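Colleague:
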Amino acid sequence: MVVGLSKALLSMFSEDLGVLAKKEALLESIGGDENVGGGYRMNFYPKCPEPELALGLSPHTDPGVMTVLLQDQVSGLQLNKDGVWISVPPLQDALTVLIADQLEILSNGIYKSVNHRTIVNSEKERMSIAIFIYPEANKMIGPFEEVVKKRECSPLYTEMTFNEYRKIIRTSGLKGKAILKSRFIKNT
Numbered sequence: 001m002v003v004g005l006s007k008a009l010l011s012m013f014s015e016d017l018g019v020l021a022k023k024e025a026l027l028e029s030i031g032g033d034e035n036v037g038g039g040y041r042m043n044f045y046p047k048c049p050e051p052e053l054a055l056g057l058s059p060h061t062d063p064g065v066m067t068v069l070l071q072d073q074v075s076g077l078q079l080n081k082d083g084v085w086i087s088v089p090p091l092q093d094a095l096t097v098l099i100a101d102q103l104e105i106l107s108n109g110i111y112k113s114v115n116h117r118t119i120v121n122s123e124k125e126r127m128s129i130a131i132f133i134y135p136e137a138n139k140m141i142g143p144f145e146e147v148v149k150k151r152e153c154s155p156l157y158t159e160m161t162f163n164e165y166r167k168i169i170r171t172s173g174l175k176g177k178a179i180l181k182s183r184f185i186k187n188t
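Using the UniProt record's numbering, the letters of the sequence shown correspond one by one to residues 1 to 188.
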C-alpha cells in the first residue's frame, strides 16, 4: 500500500513540475520500480514527567525522497515553519507524508524537505511507524536538468549518490537542514 502511494505521489510531483516528458520521471530518476529502496522505523516515546526538558527526536530532515508516517492518536510531531514549531495533530485512519531531502534536490528547491521533530507527552506514551522511500544507493542525485532549463535558473545543489549523502548524515548526526544546505552550490 505505501509503495503504491509513494509511486502515485511521485507521478503527481512529476506532472506538477510540468517539464517532465512522462509521469514516471521521478520514479525512474531514483532507480525505477526495481531499485528504489525503503526502510521503516517504529518509534516509541514513553511518558515523560517533565516534557519541556526532553525531546523525542531532535530537529532534522529525512535524507530520502519521502517519508510516510502512521501516528497513533497522541500528538508529538512538529514541523518548523519560518522558525516556529507547529504541532501536527494526528488524524485517525490517515497517513502523514513528509517531503525529504532528495526530492528537494531533484526539484531544484521547488519542493522543500520538512524540518521536523517529535516531542514527548507528560500523560501518554506515543507510537509511530515511519516508512522511508530512498533512491537507489549508488544513483547520482542532482537537480533535474529539465527543471533548471525550463525555469531558466542554475542548479542549486551538487550531485551526489544517496550512499554518499547517508555517509555525511551518519558521521555528523541530525542537524536540521544543515546537511542539505551543505549541498548548495556556492555561486547561486
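Heads up, the beta-carbon is just placed ideally off N, CA and C, and yes, glycines get one too.
All figures in this text were calculated on a predicted structure; none of them were measured in a lab.
Using 10 angstroms around the beta-carbon of Phe184, count the other beta-carbons present and answer buried if the total reaches 16, otherwise exposed.
Modeller: Here residue 184 refers to the residue found at position 184 of the sequence shown. Exposed, by the Cβ-count rule.
Colleague: Would you list the one or two residues that DSSP bridges to Arg183?
Modeller: Counting from 1 along the sequence shown, the entry for residue 183 is found at position 183. Residue pairing by DSSP leaves Arg183 without any beta bridge partner.
Colleague: Does DSSP put Leu69 in a helix, a strand or coil?
Modeller: On the sequence shown, residue 69 is found 69 positions in, with the first residue counted as 1. In the structure shown, Leu69 sits in a strand (DSSP, three-state: E or B).
Colleague: Report the start-end ranges of each beta strand (DSSP E) in the UniProt domain "Fe2OG dioxygenase" (33-135) that is 3 residues or longer and not cut off at the edges.
Modeller: Taking only runs of at least 3 residues, the beta strand (DSSP E) segments lying wholly in the UniProt domain "Fe2OG dioxygenase" (33-135) are 37-45, 55-60, 66-71, 77-81, 84-87, 96-99, 116-119, 126-134.
Colleague: What three-state label does DSSP hand Met160 in the structure shown?
Modeller: On the sequence shown, residue 160 is found 160 positions in, with the first residue counted as 1. Looking at Met160 - three-state DSSP - the assignment turns out to be strand.
Colleague: Assign Asn138 to one of two classes, buried (16 or more other C-beta atoms within 10 Å of its C-beta) or exposed (fewer than that).
Modeller: Taking the first residue of the sequence shown as 1, we reach residue 138 at position 138. That one is exposed.
Colleague: Between Thr96 and Gln78, what straight-line distance do the alpha-carbon atoms span, to the nearest angstrom?
Modeller: By one-based count along the sequence shown, residue 96 stands at place 96. By one-based count along the sequence shown, residue 78 stands at place 78. When rounded, the distance between both Cα atoms is 12 angstroms.
Colleague: Just to confirm the assignment, what range does the alpha helix (DSSP H) spanning Gly18 have?
Modeller: Residue mapping note: residue 18 aligns to position 18 of the sequence shown, counting from 1. From DSSP, Gly18 is part of no alpha helix (DSSP H); its letter is neither H nor E.
Colleague: Measuring alpha carbon to alpha carbon, tell me which of Ser11, His116, Lys22, Val2 ends up nearest Val88.
Modeller: In the sequence shown, counting from the first residue as 1, residue 88 sits at position 88. Of Ser11, His116, Lys22, Val2, the residue nearest in Cα terms is His116.
Colleague: Just checking: is the beta-carbon of Glu164 within a distance shorter than 8 angstroms of some beta-carbon in chain B?
Modeller: Although the question refers to chain B, the structure presented lacks it and comprises just one protein chain.
Colleague: Have a look at Gly37 and Glu50 and give me their C-alpha separation to the nearest angstrom.
Modeller: As a first step, residue 37 must be located in the sequence shown, where it is residue number 37. As a first step, residue 50 must be located in the sequence shown, where it is residue number 50. In a straight line, the C-alpha of Gly37 is about 38 angstroms away from that of Glu50.
Colleague: Using CA atoms only, rank isn't needed, just tell me which of Lys150, Ala54, Tyr111 is closest to Phe13.
Modeller: As a working mapping, residue 13 is identified with position 13 in the sequence shown. It is Tyr111 whose Cα lies nearest to the Cα of Phe13.
Colleague: Determine contact between the region 113-127 and the region 143-152, defined as no fewer than three beta-carbon pairs at a distance below 8 angstroms.
Modeller: By the Cβ rule, the region 113-127 does not count as touching the region 143-152, because fewer than three pairs are nearer than 8 angstroms.
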